Structure formats: structure tokens, C-alpha cells
Amino acid sequence: MMRELADNILDIAQNSIAAGASLVEIDISVSRAQDTVSLAFIDDGCGMSEDMVKAVCDPFTTTRKTRKVGLGLPLLKIPSGEITNLPYLEAMAALKTPVLLSTGMSSLDEITDALGLLDDGGCPEVTILHCNTQYPTPYEDANLTAMIELYEQFGLPVGLSDHTPGWECDVAAAVLGAQVIEKHFTLDKSLPGPDQKASLDPAEFKAMVEAVRHVEAALGDGHKHLTASEAPNKAIARKSIVAARQIQAGEVFTEENLTTKRPGDGISPMRWHEILGQTAKRDFAEDEKIEV
Numbered sequence: 285m286m287r288e289l290a291d292n293i294l295d296i297a298q299n300s301i302a303a304g305a306s307l308v309e310i311d312i313s314v315s316r317a318q319d320t321v322s323l324a325f326i327d328d329g330c331g332m333s334e335d336m337v338k339a340v341c342d343p344f345t346t347t348r349k350t351r352k353v354g355l356g357l358p359l360l361k362i363p364s365g366e367i368t369n370l371p372y373l374e375a376m377a378a379l380k381t382p383v384l385l386s387t388g389m390s391s392l393d394e395i396t397d398a399l400g401l402l403d404d405g406g407c408p409e410v411t412i413l414h415c416n417t418q419y420p421t422p423y424e425d426a427n428l429t430a431m432i433e434l435y436e437q438f439g440l441p442v443g444l445s446d447h448t449p450g451w452e453c454d455v456a457a458a459v460l461g462a463q464v465i466e467k468h469f470t471l472d473k474s475l476p477g478p479d480q481k482a483s484l485d486p487a488e489f490k491a492m493v494e495a496v497r498h499v500e501a502a503l504g505d506g507h508k509h510l511t512a513s514e515a516p517n518k519a520i521a522r523k524s525i526v527a528a529r530q531i532q533a534g535e536v537f538t539e540e541n542l543t544t545k546r547p548g549d550g551i552s553p554m555r556w557h558e559i560l561g562q563t564a565k566r567d568f569a570e571d572e573k574i575e576v
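Position 39 of the sequence shown, counted from 1, bears residue number 323 in our numbering, the numbering being contiguous throughout.
In C-alpha cells, the structure reads:
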């Protein structure tokens, strides 16, 4: 049974990584305990194999088993429902492992209290995930710009735990500075369970990851400057001051005998008023770039 479960988990992880994910969370319901354990897989960039998969857990209990689960894991996730569970938070902090803190249903005061407990307990690193705990989340309730407030309030890395039906919010989150995006993944949306409507199938997940990566690349460095890709078009797209008709040497440049035309490798039209009133030092043919 456990071998079959492990194979299924690996299959989902492989499909997720193939779709472009770098961190994939898989929810497994354990009916006997009425708890859910969430496993995540990180692709180390070297290809996907079973021994390369690193498990990341978000347990919903604070039993001895839960504390044991955290040992050796690179990352833990605290689900939204546990953000006001003091014994749980203390147990998670005691594992001395970086944490993703999901904040669905939470106020700033509750997040502050949870962060204080994690810090006091020795948690080395926290990333705050903005979240709405409805499956699926109505778009009008996604409130993505709250990510900005979370960053300004706490000064910690922020991300999005997205439960909307599509992946538009994930792209928007990347624009808003998300360092982590969590999205549910399924191989078959017809499967039973509450998460299916908030999950993406492999094709959708791949499109989402590609869109997020494109947006990340498009954000740039935050400074306005000429880019390498557009530099060759600068002279082609811009204009120069040219003769609107034939101009004789000694003739005064006026708005009647001058105009602007492409390419922009001559005198810039921004010098228009400087050029007006000057005298032509030689003959200029119609459309010839002016020289002074």
C-alpha cells in the first residue's frame, strides 16, 4: 500500500516538474486520523528521479510523529488553519526549519502573533503566503494587493497560496513580487475531493509556469533604459530634420522649408527651434538631412 502510494506521489511529482514547477505540493487525505498531510517536491535542476525528490511537509497535528516528520526536511509549510494553534506553532518552530506560513482567514494581528512564536522558538526563516481559504476562491475575494501590505508590515519574503479556479492570479502575484507561488495540481479534475475545482491539470499547470516565468523575465531591473533588443530600431523609428523642398545655400531655415522624416540618424527634431532661423551653408535636395 505504501509502495503504491509512493509511486502515485512520484508520478504526480514527475508530471508537475515536467510542467515546469520547481515546488509542487501534493495533498494526501488520511481518513483514519481525519488529518491531511501535504507533501512537496523540489526539482534540483538535475532532472527528476526518485532519489532526487526532497519531501516537504505541512502536518496538521503536533504529535510525536509530526515532530519526527520534520526531521531532515528542507522546508515546512504551516497551513492557514494552524496559524492560531500555539502548541503547533511552538512545535514547528522547535524543528529549526524554514517555514512557509499560509495566512488564509487571518488578520495582521494573528499573523504578528504567529511570527512572534516562530521567531521566539528559533525558526530560521519564514515566507508569508497570502491566501484565501475557499475552494475555489472567487476572484473578487483574492485580494492580491494584500501581498504588498504583508511585505511592508513584516519585511519578510511573501508569496501566494492560490485557490482560484484559473492561473491568472499566479501571474499577477509574480508582478506583485511573490517569491513563492503555491497552486494545487491534479492529474484528473473529475477525481473526488474539495481541491479539484481549485487545481490545474498538467496542461494548465505548464501554461501557468511558463506565464509566470515570462512575467519574471519581463519585470526587468526597475530602471528605464535602452535595451539591447530595441537598440537597432532606434535610428529606424525616430526622425531627423530634413529639407521639405529644395533649399539653396544662404536660404534661411523655416517651418516651410523644413520637416521631419525617418531615419533618425541626423539632427534630432528636438533641436527644431534651434535650427529655425539659421542659414543654409550649402544646397540641400528635398528629403536630404539638414546639416549646420
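Glycine is no exception: its CB is placed at the ideal position from the N, C-alpha and C atoms.
The structure presented is a predicted model; accordingly, all values stated were derived computationally and were not measured.
- It is roughly 17 Å from the alpha-carbon of Gln463 to the alpha-carbon of Pro358.
- Assignment of beta-bridge partners to Glu466 by DSSP yields Ser445.
- Just measuring C-alpha positions, the residue of Glu394, Lys545, His447 and Lys481 sitting nearest Ile465 is His447.
- In this chain, the alpha helix (DSSP H) harbouring Cys453 covers Glu452 to Val459.
- Excluding residues up to 5 positions away in sequence, Ala519 lie with their Cβ nearer than 6 Å to the Cβ of Asp549 in the same chain.
- When Val410, Glu394, Asp403 and Cys453 are compared, the shortest CA-CA separation from Glu424 is found for Cys453.
- Burial check for Ser524: the Cβ neighbour count within 10 Å reaches 16 or more, so the residue is buried.
- Three or more pairs of CB atoms, one per stretch, sit closer than 8 Å, so the segment 402–410 contacts the segment 368–381.
- Taking a C-beta distance under 7 Å as the contact criterion, Leu440 and Ile412 qualify as a contact pair.
- Assigned with DSSP and collapsed to three states, Val383 falls in strand.
- Judged by DSSP in its simplified three-state form, Phe489 adopts helix.
- Distance from the CA atom of Ile432 to the CA atom of Ala458, rounded to whole angstroms, is 12 Å.
- When only Cα atoms are considered, Ser445 and Leu475 end up about 21 Å apart.
- Going by C-alpha positions, Leu471 is about 12 Å away from Lys490.
- Look at Phe438 here: in three-state DSSP terms it is helix.
- Secondary structure at Val496: helix, using DSSP grouped into helix, strand and coil.
- Around the beta carbon of Thr421, a 10 Å sphere encloses 16 or more other beta carbons of the protein chains shown; the residue is thus reported as buried.
- Gln437 and Leu392 do touch by the CB rule: their CB atoms are close to 6 Å apart, below 8 Å.
- No Cβ-Cβ contact shorter than 7 Å links Ala501 with Ile531.
- Ala527 is bridged by DSSP to Leu542.
- One thing to note: Ala495 has its Cβ within 7 Å of the Cβ of Val455.
- Taken atom to atom, the span from the alpha-carbon of Ala528 to that of Leu542 is near 5 Å.
- A straight-line Cα-Cα distance of about 21 Å links Thr396 and Ala426.
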